[in-house]
Amino acid sequence: MARFVSPITDMKPNGYLLFFKSKTNTQLITYKDELESIQNTTNVHVLANGNVENVFYSGNAKVKYFDEFGQQYAERDPVGGEKQLGDFSDFDLVVSYDINDIVEGSDGEFYKSLSNGNIGNDPTITPTQWEQIKFLGVWNTNITYAIGDVVKTSTGNLWKALAAQAGNDPEADGGTNWIPAISGVKIPEVIALEDRTTTVIPQTGGGLLTALRVNELRDGDTGFLLPLANSVSANQTITITQPDEYVANEPIVTRSGSDTITDSSGTDTSITFDNTQSVELTLTSDGVSDWSL
Numbered sequence: 186m187a188r189f190v191s192p193i194t195d196m197k198p199n200g201y202l203l204f205f206k207s208k209t210n211t212q213l214i215t216y217k218d219e220l221e222s223i224q225n226t227t228n229v230h231v232l233a234n235g236n237v238e239n240v241f242y243s244g245n246a247k248v249k250y251f252d253e254f255g256q257q258y259a260e261r262d263p264v265g266g267e268k269q270l271g272d273f274s275d276f277d278l279v280v281s282y283d284i285n286d287i288v289e290g291s292d293g294e295f296y297k298s299l300s301n302g303n304i305g306n307d308p309t310i311t312p313t314q315w316e317q318i319k320f321l322g323v324w325n326t327n328i329t330y331a332i333g334d335v336v337k338t339s340t341g342n343l344w345k346a347l348a349a350q351a352g353n354d355p356e357a358d359g360g361t362n363w364i365p366a367i368s369g370v371k372i373p374e375v376i377a378l379e380d381r382t383t384t385v386i387p388q389t390g391g392g393l394l395t396a397l398r399v400n401e402l403r404d405g406d407t408g409f410l411l412p413l414a415n416s417v418s419a420n421q422t423i424t425i426t427q428p429d430e431y432v433a434n435e436p437i438v439t440r441s442g443s444d445t446i447t448d449s450s451g452t453d454t455s456i457t458f459d460n461t462q463s464v465e466l467t468l469t470s471d472g473v474s475d476w477s478l
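The working numbering numbers the first residue of the sequence shown as 186 and each following residue consecutively.
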């Protein structure tokens, strides 16, 4: 369905328009909306500011222009056929836009109308009347992307361009041209993961160590305990360190329950830290009953 855009920009205020099927004198029914639910009057009124409200119709039309005294001063045939809804056509100062109508601004960006009867408001400079919107595209090697463009790859991942470039597949890029579109520092799960791998828990006086953390042994207590291997998922870890300043101590870390501790020489039940320099051990759980070094 076409939306009427007048080829004449100086319509006579308070006049009216008559619409006919193109190349005929057969009256054309027009509507206020694209769903054809609200019919216009036969004489479509021209507002005092020289604009008309929305006029929709199917196909091409012929329009006759009349002033406020009923005198015809212009005729155009055809009109409107080139302006179809859904084309995201260029913004036009003389069109009355409805809420949620989408246009392309002079800057090449797309905008959505925030109100009905939105006339004469350039979307590039009137954010009170228009909302700029973006469309998410799928990465295409033939497109030159601008800095900040976001694309989706065939794997479903979202990427943001770091540089104006083309032909660089985000999935294969080493971080020079693309980075993940969502910052990991804002994701609670990523924050928790970073805490697990970077937060040191000072351990003194023996007791249960904490899985998924860095446990720093600071005294010579012999009563430190590994958590049960089945308290975490398979392939999750615990890290135990003894910094250089504490190597004079000889703490012992023992299994919990009937778990085992496995290394290249077999299985054991405890680890004695009797080192002459700092040490860091990472043990991996099988999720059942064993921690492996």
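Where a beta carbon is used, it is the ideal one built from N, C-alpha and C, also for glycine.
Taking the CA atoms as reference points, A233 sits about 32 Å from I318. Rounded to whole angstroms, the separation of the alpha carbons of T424 and D471 is 15 Å. Taking the CA atoms as reference points, S450 sits about 41 Å from A357. Here G322 has V336 as same chain residues with Cβ atoms under 6 Å from its own Cβ, once five neighbours each way along the sequence are excluded. Segment contact: the stretch 242-251 against the stretch 206-224, three or more CB-CB distances shorter than 8 Å; contact assigned. For V264, the uninterrupted beta strand (DSSP E) run begins and ends at 257-264, by DSSP. A351 sits in coil when the DSSP states are folded into three classes, being neither helix nor strand.
Between the beta-carbon of L394 and that of V438 there is about 7 Å, and that keeps the pair under the 8 Å contact cut.
Shown here, D429 sits in a helix according to DSSP, grouped into three states. Taking the CA atoms as reference points, I328 sits about 41 Å from S207. In the DSSP annotation of this structure, W324 is not part of any beta strand (DSSP E), being labelled neither H nor E. Under the three-state reduction of DSSP output, N415 falls in the helix class. Per the coordinates, the alpha-carbon of Q314 lies some 7 Å from the alpha-carbon of P308. When the five nearest sequence neighbours on each side are left out, the beta carbons in the same chain lying within less than 6 Å of the beta carbon of W344 are those of V336, P355, W363, A366, in order along the chain.
In this structure, the CA atom of I386 is about 58 Å from the CA atom of S291. Counting along the chain, G305 sits inside no beta strand (DSSP E), nor does DSSP assign it H or E at all.
Going by C-alpha positions, A346 is about 27 Å away from D275. Taking a C-beta distance under 8 Å as the contact criterion, T326 and G360 do not qualify as a contact pair.
Counting only residues of its own chain and dropping the five nearest sequence neighbours on each side, D283 has a CB closer than 7 Å to the CB of N239, S298, N301.
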